[in-house]
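Below is one structure; the comments refer to it alone.
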Amino acid sequence: MPNARTVLPLSALGAVTYVSLVERGWFRLRRQEIPLLRPRRPPLKILHISDLHLTPRRRRLMSWVRALGRLRPDLVVNTGDSIAHPAAVPALVQALGPLLERPGVFVYGSNDLYAPRPENPLSYLRRSTPSDFHEHVPPDLPWEELGATLRAAGWSDLNNAADRVEAGGLSVEVRGVHDSHIAQDDYGRVAGPADPGADVRLGVMHSPEPRNLDAFTADGFDLLLAGHTHGGQIRIPYLGPLITNCGIDRTRARGLHRNGAAWLHVSAGLGTSPYLPVRFCCPPEATLLTLVPAA
1393 MPNARTVLPL SALGAVTYVS LVERGWFRLR RQEIPLLRPR RPPLKILHIS DLHLTPRRRR
1453 LMSWVRALGR LRPDLVVNTG DSIAHPAAVP ALVQALGPLL ERPGVFVYGS NDLYAPRPEN
1513 PLSYLRRSTP SDFHEHVPPD LPWEELGATL RAAGWSDLNN AADRVEAGGL SVEVRGVHDS
1573 HIAQDDYGRV AGPADPGADV RLGVMHSPEP RNLDAFTADG FDLLLAGHTH GGQIRIPYLG
1633 PLITNCGIDR TRARGLHRNG AAWLHVSAGL GTSPYLPVRF CCPPEATLLT LVPAA
């Protein structure tokens, strides 16, 4: 019969195995219906993906993402932190596969520009604002190749930019900002009232920083999409996430919420930093958002 000295190390080993191997690879597709279209408009299916933090060895993640092509979404929205390795762009193309044949839009996250670094895990749990590390070093990941590849596939680059896309027979106004986590966002470059003639008005960003959420909402955008938080990555039952790693409140660290008159969807993302490969009560996810006419 095992004694206490044996049971405790085995329990610790089991916990580490679960958070780093089991739940981290327990990919889920969530489905959410949002009533925001005008009457008699056809439903619009939006696939929201975020925070893959992809490295070439994550074959299971790549295969799972590629299989999302079977959903045949009307529009794909990628809210950043797609890569985490200098050689990850070809792996990302392989993962996205048939999704690159669909209309799509994207923004960058900080980890599309800067490679992850080893750090004390406790520093993540204490962090609510970005460090100043990125202000002192040049980008070391192939973000330009990433952007060129996605644009060549026909996806709209919304880093402090705006566009109009046709998706599912509807006219979609899209505006986005670069990552506020590294102070690259410039809402002033896309500011102004949303087009009332568009069927849908989407605001896209990586980090759901309240100042940008409120600016998009004030300009009349219907739906805001963001990632970055990983849903907290570590969530305590009945308490929720310990942190959001940005200015948004913990109650809106993942899922569908309201931001004033706008809907807000924050993705818990599909990956983690290679140096903090754990998830607890927060499985990796992508979300199929189906927009339908409002009552």
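Residue numbers (the numbering used here): 1393 to 1687. We put the CB at the ideal spot given by N, CA and C, even for glycine.
In the DSSP assignment, what are the bridge partners of residue i?
i: Leu1453; result: In DSSP, Leu1453 forms no bridge with anything.
i: Asp1578; result: According to DSSP, Asp1578 bridges with nothing at all.
i: Phe1613; result: DSSP output for Phe1613 lists no bridge partner at all.
i: Arg1567; result: Ala1554 and Gly1595
i: Ala1618; result: Val1658
i: Thr1679; result: Arg1422 and His1440
i: Pro1469; result: Per the sequence shown, the amino acid found at residue 1469 is Val instead of Pro. Answer is His1440 and Val1497.
i: Asp1532; result: Paired residues: none, contrary to the question.
i: Gly1632; result: Ile1628
i: Val1684; result: Pro1427
i: Leu1562; result: Ala1559
i: Leu1549; result: According to the sequence shown, residue 1549 is Asp rather than Leu. Answer is Phe1498, bridged to Asp1549.
i: Leu1491; result: The partner list for Leu1491 (beta bridge, DSSP) is empty, contrary to what the question assumes.
i: Leu1605; result: Per DSSP, none; premise fails for Leu1605.
i: Ile1475; result: Leu1446
Locate the beta strand (DSSP E) running through residue i, then write down its first and last residues.
i: Gln1424; result: Arg1420 to Leu1429
i: Gly1647; result: Gly1647 to Asn1651
When the Cα of residue i is compared with those of the options, which residue comes out closest?
i: Val1485; options: Val1684, Val1457 and Gly1501; result: Val1457
i: Leu1616; options: Val1529, Cys1673, Phe1672 and Val1499; result: Val1499
i: Ser1548; options: Glu1565, Ser1659 and Ala1660; result: Glu1565
i: Ala1480; options: Val1529, Glu1537, Leu1460 and Leu1428; result: Glu1537
i: Ala1487; options: Val1497, Arg1449, Arg1509 and Asn1552; result: Arg1449
i: Asp1577; options: Met1597, Arg1593, Pro1585 and Pro1588; result: Met1597
i: Cys1673; options: Gly1624, Pro1495, Arg1430 and Thr1643; result: Gly1624
i: Arg1462; options: Arg1556, Asp1473, Pro1434 and Gly1489; result: Gly1489
One question on the structure: do residue i and residue j come within less than 8 Å of each other, judged by their Cβ atoms?
i: Leu1683; j: Ile1441; result: no
i: Leu1680; j: Phe1419; result: no
i: Pro1602; j: Gly1568; result: no
i: Leu1491; j: Val1468; result: yes
i: Leu1428; j: Asp1614; result: yes
i: Asp1641; j: Ala1559; result: no
i: Thr1621; j: Val1670; result: no
i: Pro1629; j: Glu1415; result: no
i: Asn1503; j: Ala1544; result: no
Please list the terminal residues of the continuous alpha helix (DSSP H) segment that includes residue i.
i: Phe1688; result: This structure gives no information on residue 1688, because the portion of the chain shown stretches from 1393 to 1687.
i: Leu1538; result: Trp1535 to Ala1544
i: Leu1668; result: Segment: none, Leu1668 is in no alpha helix (DSSP H) and carries neither H nor E.
i: Pro1482; result: Ala1480 to Leu1488
Just to check my reading of the structure: residue i and residue j have Cβ atoms closer than 8 Å, yes? What is that Cβ distance to the nearest angstrom?
i: Asp1443; j: Gly1632; result: That belief does not hold up - the Cβ atoms of Asp1443 and Gly1632 are roughly 18 Å apart, past 8 Å.
i: Gln1424; j: Leu1562; result: 18 Å between Cβ atoms; not a contact.
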